[in-house]
Amino acid sequence: MEAELLKRFEQCGSYLEQLRVMCSLLKSRGIDAVSIKNGRGISTDYYIGEDAVLAIIKRSDGEEFPVVVDRTFFERYLRDGKGSLSVNSRNSKGKNYKIWYCSRKEQVELHRLVMRDAGYVLENVLVDHRYHVPFINTSEALRLCTARQNAWNRDSLSYKRNKKARLDLEKVKAHGEFAYNPLEDYTYTWYAYMIYKMTGDITADSLRDYNRDFIHRYEPAKAEYYKSLLTS
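Residues 1 to 232, numbered by our numbering, are exactly what the sequence shown covers, in order.
Have a look at this one:
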């Protein structure tokens, strides 16, 4: 069941097609969309699960983005139009997306608001997306960090650029809880994490197993480089 479900996403020809499959899956599980318009008249569809909520943010240029938050956060900040979410990119190539929360009182980056709502003091600290996807904003996916710790939690490019210039993986492990962990990098498998949070069709263990298998099948150079971490 899990394998067949995840294969549907892998067979999609585009990110937008994956998004359509995700919405169809949620509806098949009895999770229908609640549409709420923002101040600009653009609707956001919210799929409200038991523990998490998936927002499909639509932009005026036609692009759509899936953002997942905890159910408790949704009830406090987004239910009944209390606030809205928007997406913009940090560079001209449309990459490195930033998610904003907007209300009558404030405009703030979503990941920082999630941490502030959890009771953390955000002065002179950054917030790390531990799963490497700016659209994943559940409380478990975020943590406070320094600029150095934030830099540690990144995929090394040395194995892509020069096979001889390989970073010592013992140094990676020495970064402790902020060490880059390929099994928690959902850059290309974001849909698997969202299924795990929204429907329960995937368990936490099978989520990691799927990520491991995905890396071996689609990123063999990365699998070879991080093989000692992928077996842990």
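C-beta: ideal position from N, C-alpha, C; glycine also. Bear in mind that the values here come from a model prediction, so they are computed numbers and not experimental data.
With contacts defined as CB atoms closer than 7 Å, Tyr-191 and Leu-207 fail to qualify as a contacting pair.
For Ile-136, there is no enclosing alpha helix (DSSP H), as DSSP marks it with neither H nor E. Exclusion of the five residues before and after Ile-42 leaves Lys-58 as the residues of its chain whose Cβ lies within less than 6 Å of its Cβ.
Excluding the 5 residues flanking it on each side, Thr-187 has same chain C-beta neighbours closer than 7 Å at His-132, Val-133, in chain order. Relative to the Cα of Glu-64, the nearest Cα in the group Ala-52, Ile-31, Val-114, Glu-17 belongs to Glu-17.
When the alpha-carbon of Leu-54 is set against those of Gly-62, Asp-61, Val-69, the nearest one is in Val-69. Here DSSP, grouped into helix, strand and coil, assigns Gln-107 to strand. In the three-state reduction of the DSSP assignment, Glu-64 falls in the strand class. The closest CA to that of Thr-146, considering only Met-22, Ser-28, Tyr-47, His-129, is found on His-129. Looking at the DSSP output, Leu-85 shares a beta bridge with Tyr-101. DSSP, read as helix, strand or coil, puts Cys-23 in helix. According to DSSP, Arg-143 shares a beta bridge with Asp-128. Measuring C-alpha to C-alpha distances from Leu-183 to each of Glu-140, Val-127, Thr-231, Cys-102 identifies Thr-231 as the nearest. Asp-205 and His-216 have their C-alpha atoms spaced approximately 17 Å apart. In this structure, the beta-carbon distance from Ser-84 to Asn-137 does not fall below 7 Å.
Going by C-alpha positions, Arg-20 is about 25 Å away from Glu-140. One thing to note: Tyr-97 has its Cβ no nearer than 7 Å to the Cβ of Ser-86. When the five nearest sequence neighbours on each side are left out, the beta carbons in the same chain lying within less than 8 Å of the beta carbon of Arg-112 are those of Leu-122, Val-127, in order along the chain.
Distance check between Ile-56 and each of Glu-50, Asn-181, Phe-9, Val-34 places Val-34 closest, using alpha-carbon atoms only.
Your pair Ile-36 and Tyr-47 does not check out as a contact, with CB atoms roughly 12 Å apart and the cut at 8 Å.
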